[in-house]
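Shown next as structure tokens:
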């Protein structure tokens with residue numbers, strides 16, 4: 016029995032769900048998103064919640080059961096509150112600011128890095144050393160944050176680079192005389 020799959024997904028206030036075959040569409044204050052489940056599970060709309068039930072007891076059906084429930088929950092959270100990733104920049108001269116819709120990063124290269132923000136995500140730089148990525152799609156928010164971090168990962172000797180807020184960077188001792 017899937018511990019995750021057994022729990023129904025509660026729909027918060029202002030969020031509605033509509034099931035057509037294997038596709039569920041969730042609408043909320045931030046917008047609408049949809050997900051198509053595999054044929055191994057059934058989606059059932061109950062009073063104020065969505066339940067996911069497996070079709071049989073095969074290994075694939077059990078795998079899809081928990082995964083589908085997690086995807087439906089991510090849809091409801093995305094359209095109601097949204098997802099957010101915060102990044103910190105550490106290093107002398109390293110900074111970020113918004114230039115129109117693009118993010119301009121000064122990361123110690125001979126040129127500034129211009130990061131084009133994809134559709135469906137909002138990126139802001141409240142301070143020169145902070146970047147906030149927000150959106151409805153958890154996967155897209157995480158991928159955009161990872162793409163920004165990829166420009167200058169935190170290095171282990173001085174700790175310079177772009178890191179997630181609260182991330183621990185293992186520090187190494189430098190060379191000795």
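In this note's numbering, the protein residues as written are 16 to 192. Built from N, CA and C at the ideal position, the CB exists for glycine as well.
Straight-line Cα distance separating residue j from residue i
| i | j | result |
| --- | --- | --- |
| residue 117 | residue 132 | 6 Å |
| residue 195 | residue 50 | No answer is possible for residue 195: the residues shown for the chain start at 16 and end at 192. |
| residue 126 | residue 149 | 27 Å |
| residue 136 | residue 192 | 49 Å |
| residue 97 | residue 181 | 20 Å |
| residue 81 | residue 18 | 8 Å |
| residue 122 | residue 166 | 8 Å |
| residue 168 | residue 178 | 7 Å |
| residue 171 | residue 100 | 22 Å |
| residue 115 | residue 77 | 47 Å |
| residue 106 | residue 185 | 16 Å |
| residue 75 | residue 183 | 36 Å |
Simplified DSSP assignment, three categories, for residue i
| i | result |
| --- | --- |
| residue 101 | strand |
| residue 48 | strand |
| residue 157 | helix |
| residue 21 | helix |
| residue 164 | helix |
| residue 29 | coil |
| residue 130 | strand |
| residue 179 | strand |
Cβ-Cβ separation, residue j to residue i (assumed contact under 8 Å), whole Å
| i | j | result |
| --- | --- | --- |
| residue 95 | residue 44 | 7 Å |
| residue 55 | residue 68 | Incorrect: roughly 10 Å between the Cβ atoms, too far for contact. |
| residue 65 | residue 87 | 5 Å |
| residue 109 | residue 175 | 7 Å |
| residue 142 | residue 129 | About 19 Å; that fails the 8 Å criterion. |
| residue 48 | residue 90 | 5 Å |
| residue 139 | residue 113 | 7 Å |
| residue 93 | residue 153 | 6 Å |
| residue 21 | residue 31 | At roughly 23 Å, the Cβ-Cβ gap does not stay under 8 Å, so residue 21 and residue 31 are not in contact. |
Residue i vs residue j beta-carbon contact at 8 Å
| i | j | result |
| --- | --- | --- |
| residue 104 | residue 144 | yes |
| residue 46 | residue 151 | yes |
| residue 63 | residue 26 | yes |
Practice prompt. Would you list, in sequence order, the uninterrupted alpha helix (DSSP H) runs of no fewer than 4 residues that lie entirely inside the region 54 to 114?
Written response: With a minimum length of 4 residues, the continuous alpha helix (DSSP H) runs that stay inside the region 54 to 114 are 74 to 95.
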